[in-house]
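Each residue of the sequence shown is one higher than the one before, starting from 117 at the first, in the numbering used here.
Using N, Cα and C, we set each Cβ at its ideal position, and we do this for glycine too.
Bear in mind the structure is a predicted one, so any value in this text is a computation, not a measurement.
Presented below is the structure to which this report refers.
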Amino acid sequence: MPADDPETAQLLVLAVDHRVDLCREILESEAEQPTAEERERAAALAHLPFEGLTLAIEGGVAKSSAVIWVDADLGEAVLLRARAMALATAVSVDRPGLETLQLEGGAGCVDRLRRFGASYAAARVPHRSGITREEQKARLSALRLLSETCRIEGPPLLLELVVLPAEDDLQRAGGVAEWNEKIRPLRTVEAMRELQDGGVEPAVWVVEATTDPRAAATIAGQAHMDDRMGVRVLFAVGNEPTVEYDGIGLTAQERSAVQTAARTIGVSGLLAGPAAYFRQLARHNSGERDRADTVADIASRLRA
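Spelled out as structure tokens, the structure:
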């Protein structure tokens with residue numbers, strides 16, 4: 117595990133999983149299925165954020181706090197290298213796409229996690245209000261089985277809750293920015309409660325960061341409700357990949373969210389999303405930055 121005390125450990129999870137399709141979004145592949153060459157190039161690109169994280173550790177980020185999250189498809193080399201370094205890893209057990217939840221299950225999934233020495237089984241869970249009762253029951257059933265499997269057989273479950281707006285939510289809030297600020301934290305707490313009531317008990321909750329101290333405290337409180345004292349809560353920042361922001365450090369919004377997380381009792385760290393590396397990988401792929409500079413740029417952002 118990344119640290120000995122789950123109550124006080126501060127984690128930094130770098131997410132280089134399938135939330136970004138490197139073949140399509142960086143390599144600009146238009147094929148329905150990437151070629152073997154494209155997959156090889158994408159796997160090489162996926163290794164650079166990992167190298168950035170290891171460089172950040174050399175620069176002062178605590179190794180005991182660092183976690184690299186990848187999928188076993190393009191991230192196998194990262195997982196093997198991280199295991200050799202005794203660096204904590206999270207391995208995706210969900211399949212790409214946020215329209216519906218698809219989990220990899222069965223003994224084969226557990227065996228693969230063990231083979232890689234994964235510290236966490238990780239899943240991104242879409243949550244949108246207004247789904248049918250049948251869809252809700254199927255999702256809860258799948259997540260409850262995953263939660264129980266992780267609790268009994270391990271490794272612990274890291275669950276990122278991706279709360280998506282319903283159309284009427286956006287209309288009532290007045291737009292996406294307003295929904296993110298005012299409605300998303302409320303929907304997040306409701307979704308956490310629904311999953312908890314359905315028997316889903318992750319070891320780590322990951323939720324979209326908020327800059328509202330009261331909302332942050334409410335989210336942390338829900339995670340620890342009813343004496344769930346061994347649970348960690350992480351705030352996700354930089355989940356929207358972008359090539360527009362050219363800075364090395366955090367944006368003002370991200371910095372405010374990081375400060376809110378640090379001040380909130382019950383929040384145990386951060387998940388750094390694609391904004392930590394997407395721009396850097398795009399510039400490297402285009403030839404603007406060499407490998408060493410790309411890794412250094414990623415490390416600088418992770419230390420920010």
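Where I381 is concerned, there is no enclosing beta strand (DSSP E), because DSSP gives it neither an H nor an E. Across the structure, M308 and R230 are spaced so that their CA atoms are roughly 28 Å apart. In this model, A172 and A415 are separated by some 5 Å (Cα to Cα).
Counting only the Cα atoms, A204 lies some 14 Å from V320. Per DSSP, reduced to three states, the secondary structure at H134 is coil, with no helix or strand assignment. By the Cβ criterion, the stretch 124–143 is in contact with the stretch 389–408, since at least three pairs of Cβ atoms, one from each stretch, lie closer than 8 Å. Rounded to the nearest angstrom, the gap between the Cα atoms of F166 and V194 is 7 Å. For I184, the enclosing beta strand (DSSP E) has its first and last residue at 182–186.
A residue is called buried when at least 16 other Cβ atoms come within 10 angstroms of its Cβ; A234 meets this threshold and is buried. V374 is the residue among V374, G354, P318 whose C-alpha sits nearest the C-alpha of D328. With a cutoff of 7 Å on beta-carbon distance, L143 and T410 are scored as not near each other.
Here DSSP, grouped into helix, strand and coil, assigns D409 to helix.
The shortest CA-to-CA distance from D210 to any of L274, A368, E251 is the one to L274. Comparing alpha carbon positions, the residue from E264, M201, I299 closest to R244 is I299. One thing to note: L277 has its Cβ no nearer than 7 Å to the Cβ of L219. Rounded to the nearest whole angstrom, the CA to CA distance from V226 to G346 is 22 Å. Here D413 is buried, its C-beta having at least 16 other C-beta atoms within 10 Å.
Segment contact: the stretch 325–342 against the stretch 289–303, three or more CB-CB distances shorter than 8 Å; contact assigned. When the beta-carbon positions are compared, A336 and V292 stay at least 7 Å from each other. Check the Cα spacing between V241 and each of M201, E310, A198: the tightest is with E310. By the criterion of a C-beta distance shorter than 6 Å, L196 is surrounded by no residue of its chain, once the five residues flanking it on both sides are discounted. Ranked by Cα distance from A200, the options D189, G175, L190, T170 are led by T170. When only Cα atoms are considered, R417 and G403 end up about 20 Å apart.
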